Each structure stands twice: as C-alpha cells, then as structure tokens.
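Numbering (numbering that gives the first Met the number 0), first residue to last: 0 to 327. What follows is a single structure, written as structure tokens, with notes after it.
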Amino acid sequence: MKAILFHEPGDESQLYLSEVADPVLQPQSVVLHVAATALNRADLLQREGKYPVPAGANPIMGLEVAGTVIEVGEEVDNFEVGDNVCALVNGGGYAQQIAVDHRMLLKLPERLSFTKAAAIPEVFLTAFQALHWIAQVKKGDTVLIHAGASGVGTAAIQLVRLAGAVAIVTASPQKHQAVENLGAARTIDYEAEDFDEAVNDFTGGEGADIILDFVGGPYLKQNLEAAATDARIVSLAALGGARVEAFSMAPFLRKRIQLTGTTMRSRTDEYRQRLTADFREKIWPHFASGELQPVVDTIYDWEDVAAAHRYMASNANVGKIVLTIGLD
Ligand SMILES: NC(=O)c1ccc[n+]([C@@H]2O[C@H](COP(=O)([O-])OP(=O)(O)OC[C@H]3O[C@@H](n4cnc5c(N)ncnc54)[C@H](OP(=O)(O)O)[C@@H]3O)[C@@H](O)[C@H]2O)c1
C-alpha cells in the first residue's frame, strides 16, 4: 500500500508518497480501506520532529480515519467486510489501509460521507472527554472555549449546546459568524478585548464554570480571572507557548479552581476504548439525527498534503481540514 511519509523532520517539502508494508490483521482488529483522514496540529509537529511518536504507536502521521472494512479479525463478531466506519487511531491515518481495534470503531449512519466522518473522531472525542469526563459539564454551565473556530473548538461549541450549557468563544473576528451559527452565545475578539473582562461582563461577574484552553502560558492569569468559583479549567494545548510569567495564584485558591492538563495521545488504548464506548452511547446518535455536524473547512486530495499542512499552519481554517486518500 501507499502512505505519506517525510524524508527529514522539517517543512512541507519533506512530505512524499511512498510504498510501505500492508497492515497486519490482529484477532481483535479489522483492516480498513481508508477513504479519508483529517489533519491535526500534532501532524505538523510530528513532521517538524517536535512530536515524538509514543512507544507502540504507528509511526505514520494521521490520528483519525474513515473508510470501509476489508478484513475482519477472528475474534471480532460485531463488524463485517463492507461496513463503513470511522475511528480515532494512534497514528497511521495517512495511508491507504490501517488495522484498527474493533473497540475504536464507530459505524457510519446513512448519509454521513467519509469526508465528514473523518472530521469527527479526534476533535469530538477530545471535546467530549474535556467537557464530560474531566469538567463534568451540566445544564446551565457557562463554558469559555478558546480557539473556538479550531477543529476541537467547533466540536466543543456543539457539545456545550447539546448539554444545555452556554458557550462563550474567543476567535479571530472573521470567524465569529461561523461559531455563532454553531451555537456560541458570545464571541470575543481576543486581540481587541480582554477576554476575562468580557466573560465577567457577560456572566454578571460570576465568571465561567468551565474553560477549555488551547493557548497555554499567556492565558493562565486571565483564565483564573475569567473563572467562576469552583471552575474547572482544562488545558489541551499551548499554541501561544507553555511558559508562564510570575503572577499571584490567589484567585486559584480563593475560587477553588481545578486545573487539569491532558493529551489524547498519552492515554492508554484501554482508556481510549472506554471513551469511545461512552461517546458511542451518548453522543454518536446525534450525528445520525443531524443535531451534531462535523465542521469541514476544506478537502484536499492526499497528493496535495503539503498544501493542506501549509493551510493549517496559516490559521485560516474554521473546523477541519480533510485529506481524501487515493487508491493508486
Ligand atoms: N490535548 C488533546 O488531547 C488535544 C487533542 C486534539 C487537539 N489538541 C490541540 O488543540 C489545538 C487545536 O487543535 P485543532 O486541530 O482543533 O486546531 P486548528 O483547527 O488548527 O485551529 C487552531 C486555531 O487556534 C487559534 N490560534 C492559534 N494560535 C493561537 C494563539 N497563539 N492564540 C490564540 N489562538 C490561536 C487560531 O484560530 P483564530 O484565528 O481564531 O485565532 C487557529 O486557527 C492544537 O494545539 C492541538 O494540538 C489537543
């Protein structure tokens, strides 16, 4: 089969299509013909040599796939050849075929295309984990979502709406209409406004019950100011840098704030399988009903992967960038 590899860690010019070994079927897995995968920032970091592949993970880039089952392991009885599925995978998405444990598979409802399905697993499972497993979102909560127009942000806004909570979002101004259409109640242009003041104004001084942060060090002080008493802050990335300037941690104590960091890739297979099972039960039916929609910004043929990586690095997307995988 073919896969996208990179010669040396570096820029997009390092990416190339190469012949690699076919995946090996395991008793608990299926082999998929991959129709589409989607980009994640981790792919860009991996290409640059800044994201070491975890032990035991597939070294090929790509953390999510949609496609068709072409082989079934001897211990798998709930999937068959011809089933259309999508899955979060531990690397290996930028390839024509992949072996996936059956416990990670989500069967596609009718009318959900491969390009849309490939845009779901990483961002919706990450947002679901952050909101439901870590922050215990409940009806009426106010949730501040930074980078609200990102892939994870667009998933989080919809899950907040589904939970009966209220989303406040930071994003570049040209993306505000799109996040409002998804259900954001208040949008903040983080360059023109102090987001902590905007959140406190919007909530009558109460602050946000939950904050999903992707910016990191530069936002920690203001996040503590924007947080409500007993707030949960979930730190998912450090797009603005990981270093924190010295400041008073008094609000952290006074407001009893919980701060949790997490990365999906550092989780065990068993954890990701349990997360997928809970997501399958509680969230997956809402894609069939149309209440939840993967947000696809652009679709590239995988031969144009370099352009797709450049586009993600430009920060212009709202939602996901998808790669369709050719057969030849
Ligand atoms: N911890 C986890 O388990 C986990 C899982 C998945 C993804 N992630 C991380 O979550 C982040 C979002 O991922 P994604 O794939 O959804 O990203 P994405 O679609 O590429 O969106 C990223 C957006 O973040 C905003 N941004 C970038 N740099 C910023 C900065 N310095 N300050 C403020 N906003 C900034 C930009 O939007 P604006 O134009 O609106 O500023 C940009 O378009 C990435 O860092 C990714 O690695 C973490």
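Beta carbons are placed, not taken as given, at the ideal position from N, Cα and C, and that holds for glycine. Treat the numbers as computed from the prediction; the structure is a model and nothing was measured.
Within the present structure, is the beta-carbon of residue i separated from the nearest heavy atom of ligand 1 by less than 7 Å?
i: Cys189; result: Looking at the sequence shown, residue 189 is not Cys but Tyr. Checking every heavy atom of ligand 1 against the Cβ of Tyr189, one is found closer than 7 Å.
i: Thr125; result: yes
i: Gly92; result: no
i: Leu211; result: no
i: Ala329; result: Because the chain here runs from 0 to 327, residue 329 falls outside it and cannot be looked at.
i: Thr262; result: yes
i: Ser288; result: no
i: Met248; result: no
i: Lys115; result: no
i: Gly239; result: yes
i: Met60; result: no
i: Ala41; result: yes
i: Leu235; result: yes
i: Ser12; result: no
On the criterion of 16 or more Cβ atoms from any shown chain inside 10 Å, does residue i qualify as buried, or is it exposed?
i: Leu252; result: exposed
i: Lys319; result: buried
i: Tyr93; result: buried
i: Arg242; result: exposed
i: Met103; result: buried
i: Ala312; result: exposed
i: Glu336; result: This structure does not reach residue 336, given that the chain is present from 0 up to 327, and the question cannot be answered.
i: Glu63; result: buried
i: Arg46; result: buried
i: Glu244; result: exposed
i: Thr125; result: buried
i: Phe246; result: exposed
Strictly by DSSP, which residues pair up with residue i?
i: Arg231; result: Ile209, Gln257
i: Val80; result: Looking at the DSSP assignment, Val80 forms no beta bridge with any residue, so it has no partner.
i: Thr169; result: Ile187
i: Val30; result: Glu70, Ala98
i: Asp268; result: The partner list for Asp268 (beta bridge, DSSP) is empty, contrary to what the question assumes.
i: Ala54; result: The partner list for Ala54 (beta bridge, DSSP) is empty, contrary to what the question assumes.
i: Thr141; result: Val165
i: Ile119; result: Beta-bridge pairing links Ile119 to no other residue.
Closest by CA to residue i, which one among the options?
i: Glu190; options: Glu74, Pro172, Ala183; result: Pro172
i: Lys138; options: Leu158, Thr186, Gly163; result: Gly163
i: Val317; options: Ile156, Val198, Thr275, Asp208; result: Ile156
i: Asn89; options: Pro108, Gln257, Arg266; result: Arg266
i: His101; options: Gly240, Ala86, Pro284, Ser234; result: Ala86
Near residue i, which residues of its chain fall below 6 Å by C-beta distance, leaving aside the five closest residues on each side in sequence?
i: Pro293; result: Lys115, Ala118, Ile119
i: His145; result: Thr169, Asp212, Phe213, Val214
Report all residues from its chain with a CB closer than 7 Å to the CB of residue i; omit the five preceding and five following residues, and keep chain order.
i: Gln96; result: Met0, Asp21, Pro22, Val30, Leu31, His32, Val33
i: Glu7; result: Gln13
i: Ala134; result: Ile209, Arg231, Val233
i: Pro108; result: Phe286, Ala287
i: Tyr218; result: His145, Asp212, Gly239
Starting from the C-beta of residue i, find all residues in its chain whose C-beta is less than 8 Å away, skip the five residues before and the five after it, and write them out in chain order.
i: Arg279; result: Leu105
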